[in-house]
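Working notes for the structure below.
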Amino acid sequence: MHLVRRLRVPGLVTGCLKTARRSRTSGISANLDIRGIYPPITTPFNQNEQVDYNKLEENLNKYSKVPFRGFVVQGSNGEYVYLTSEERIEVVKSVSKSVTKDKLVIAGSGCESSIATIHMTERMAEAGAHAVLVVTPSYYRGRMDNRALIQHYTQVANASPVPVILYSVPGNTGLDLPVEAAVTLSQHPNIVGLKDSGGDVTRQMGIAGLKQAMDWFGYHGGKCRSPLCPLSELEAKQLNSIFTSNGWLSHF
């Protein structure tokens, strides 16, 4: 239980990487220290709902002014479930090329099946990811008990060329990663942490609210990809009121 508490930090990815089973042939050691803050970045879309890679790069240039340890790509904020497989890979490639070598890229590679997750993990490692974030499979959530989840994550971790971080986001999946499974999986040498999004800040206004706030603060938030809808006029006013009353928009 102590180990799980050490790894469970709501909204952030943190922890110390244990010796990985394999390592990327890069300048980064297999004994990678991933302690630090990693913002889960959004995916900008243009008016035609195509990924806007130029705006993604501009956002990254602004993020680079903050001493983040790295970035989480293709988490829930990145709307990865609405991207094609090729778009998911291209976004990781774009981020990897845009950030400096001292920044770590953690890429969401989760899919519903173990074999698809392994394939996506391998491709994301080739695209430049230093570690992968693997969400709990949830379509058959009623069958995702300890045995199934331990089997899934063990297969992925055994095959992954980069370290694996468990990802629990019950607000989206309807499935909590059980503590018993997390404790067992924490013993795997290629599983290095847990991102617990049980208290995700996007719950009130969703991704649309996050992107609206980004626009206010000078970043490229832009549209969500359908079927996600933009904020209504009332929701936008409510969010603006919250930000204004807290003084967050006083300089914008």
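Each number in this note's numbering comes from the position in the sequence shown (counting from 1) with 143 added on. We treat Cβ as the ideally placed atom computed from N, Cα and C, and that holds for glycine.
Short Cβ contact (8 Å threshold) for residue i with residue j
{"i": "Pro187", "j": "Asp195", "result": "yes"}
{"i": "Thr185", "j": "Gly314", "result": "no"}
{"i": "Tyr225", "j": "Glu255", "result": "no"}
{"i": "Ser239", "j": "Ala274", "result": "no"}
{"i": "Val307", "j": "Ala272", "result": "no"}
{"i": "Tyr310", "j": "Val335", "result": "no"}
{"i": "Gly253", "j": "Gly221", "result": "no"}
{"i": "Ala356", "j": "Pro373", "result": "no"}
{"i": "Leu320", "j": "Thr279", "result": "yes"}
{"i": "Ser408", "j": "Glu265", "result": "With the chain running from 144 to 395 in the structure shown, residue 408 is simply not present."}
{"i": "Lys246", "j": "Phe214", "result": "yes"}
{"i": "Ser207", "j": "Val242", "result": "yes"}
{"i": "Thr316", "j": "Arg284", "result": "yes"}
Residue i: CB within 7 Å of a non-hydrogen atom of the ligand ATP
{"i": "Ser257", "result": "Judged by which ligands are present, the structure shown has none, so any question about the ligand ATP falls away."}
Between the CA atoms of residue j and residue i - distance to the nearest angstrom
{"i": "Arg178", "j": "Thr387", "result": "33 Å"}
{"i": "Ala291", "j": "Glu192", "result": "36 Å"}
{"i": "Ile293", "j": "Tyr223", "result": "23 Å"}
{"i": "Gln217", "j": "Ser228", "result": "11 Å"}
{"i": "Leu371", "j": "Ala302", "result": "34 Å"}
{"i": "Ser375", "j": "Leu353", "result": "14 Å"}
{"i": "Leu318", "j": "Asp288", "result": "10 Å"}
{"i": "Ile180", "j": "Leu203", "result": "15 Å"}
{"i": "Lys198", "j": "Ser219", "result": "19 Å"}
{"i": "Lys338", "j": "Leu377", "result": "32 Å"}
{"i": "Ser384", "j": "Val305", "result": "43 Å"}
{"i": "Gly361", "j": "Glu323", "result": "43 Å"}
{"i": "Arg212", "j": "His262", "result": "26 Å"}
{"i": "Lys380", "j": "Ala300", "result": "45 Å"}
{"i": "Gly349", "j": "Glu230", "result": "22 Å"}
{"i": "Met267", "j": "Gly390", "result": "40 Å"}
{"i": "Glu233", "j": "Asn333", "result": "25 Å"}
{"i": "Ser257", "j": "Ser340", "result": "22 Å"}
{"i": "Thr168", "j": "Pro210", "result": "Summary for Thr168: the model assigns pLDDT 34, below 50, so the residue's position carries little reliability, and this model does not support an answer."}
{"i": "Leu382", "j": "Trp359", "result": "11 Å"}
{"i": "Arg286", "j": "Val312", "result": "17 Å"}
Residues bridged to residue i (per DSSP)
{"i": "Leu276", "result": "Gly251 and Ile308"}
{"i": "Val216", "result": "Ala250"}
{"i": "Pro187", "result": "Answer is none; Pro187 lacks a bridge partner."}
{"i": "Val194", "result": "Phe188"}
Open item on the list: Does the structure place the region 294-302 close enough to the region 324-333 that three or more beta carbon pairs sit under 8 Å?
Closed with: yes
Open item on the list: For a minimum of 4 consecutive residues, which ranges assigned as the alpha helix (DSSP H) are wholly contained in the region 354-389?
Closed with: 376-388
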